[in-house]
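In this note's numbering, the protein residues as written are 16 to 310.
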DNA sequence: CACTTGACCTGTCCGC
DNA sequence: TGCGGACAGGTCAAGT
């Protein structure tokens with residue numbers, strides 16, 4: 016599911032609810048998704064209090080009162096849904112329906128807090144993971160975090176940083192380059208397609224054939240589409256929901272993603288779907304032309 | 001090396 | 001209606 020804007024939306028919700036809550040119990044049934052030893056994890060989690068909820072790339076980082084941090088990757092279908100324990104049946108609030116039906120068959124981990132609240136980690140496809148790691152040196156020592164490129168929405172993120180990292184992947188397509196989490200952290204399939212459309216770059220174009228002007232447009236476009244998405248609670252194509260179980264509405268602004276067969280909003284030609292870097296890729300071949308005589 | 005292709009899973013949708 | 005295959009927001013390991 017989630018790319019940077021969706022994970023950030025989840026983070027914002029969790030940061031609203033979790034800090035100061037103390038973990039009373041943890042239950043999990045799927046060892047592969049929680050690679051630390053189950054008993055070890057329980058021993059280290061129970062009795063700790065949540066300090067802060069952060070994000071790096073597509074990973075949620077929960078800072079605990081102990082010397083440990085909880086890392087959660089939602090991969091394709093992960094959800095982190097909070098139930099404050101105060102909902103009552105018959106309230107009729109539509110967004111409460113998911114919370115009332117949890118846990119369900121996709122629930123992999125349940126965190127129970129001393130005040131009766133619960134946090135569910137659901138993951139239909141079981142690709143996601145939850146890890147407990149020492150907080151000290153986390154960003155350097157954790158194998159996943161240590162490989163991530165810069166955060167694209169930070170004020171300090173520059174066009175030079177973007178270009179030099181992208182151009183190191185000169186042999187591959189521009190889409191594969193921006194999906195590479197070591198080039199820039201957090202871009203996934205939706206925002207890659209939307210950014211490339213906005214920048215008028217064909218996704219198959221070799222990095223070496225993308226002009227500096229177009230790279231500049233892409234740098235700006237990726238930040239714009241992801242910021243816009245955060246403002247609308249992310250994209251809900253299928254499973255994605257935020258910490259309250261609510262869907263995001265960014266896809267109503269999408270220009271190409273999942274719009275194959277429909278007319279392009281810019282030129283009216285039909286949007287097509289191809290395969291690039293092993294991913295379904297949406298493109299308007301009139302607005303996004305491949306350079307001639309080149310790949 | 002750099003790059004590409006399956007595998008990991010479950011569920012849904014589409015064509016026959 | 002049933003069944004097979006393709007496909008789905010992401011990453012890895014293994015292949016070329």
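Backbone N, C-alpha and C fix where the C-beta goes; we use that ideal spot for every residue, glycine too.
In the three-state reduction of the DSSP assignment, residue 135 falls in the strand class.
Straight across, the Cα-Cα distance linking residue 153 with residue 43 is about 24 Å. Judged by pairs of C-beta atoms under 8 Å, the stretch 218-225 does not touch the stretch 248-259, as fewer than three such pairs exist.
Within the same chain, Cβ atoms closer than 7 Å to the Cβ of residue 129 are found at 37 and 39, the five residues on either side in sequence being excluded. Residue pairing of residue 45 in beta bridges, as defined by DSSP: absent, with no partner found. Here residue 297 is buried: its Cβ has 16 or more other Cβ atoms, across all protein chains shown, within 10 Å.
Here residue 55 carries a helix assignment [DSSP, helix/strand/coil]. Across the structure, residue 279 and residue 271 are spaced so that their CA atoms are roughly 7 Å apart.
Residue pairing by DSSP places residue 221 opposite 188 in a beta bridge.
Using a Cβ distance threshold of 7 Å, residue 273 and residue 301 do not count as a contacting pair. For residue 149, same chain residues with a beta-carbon under 8 Å away, outside a window of 5 residues either side, are 82, 83, 84 and 156 in chain order. By the Cβ-count criterion, residue 88 is buried, with 16 or more other Cβ atoms from all chains shown falling within 10 Å of its own Cβ.
Residue environment analysis places residue 94 among the buried positions, since at least 16 neighbouring C-beta atoms fall within 10 angstroms of its C-beta.
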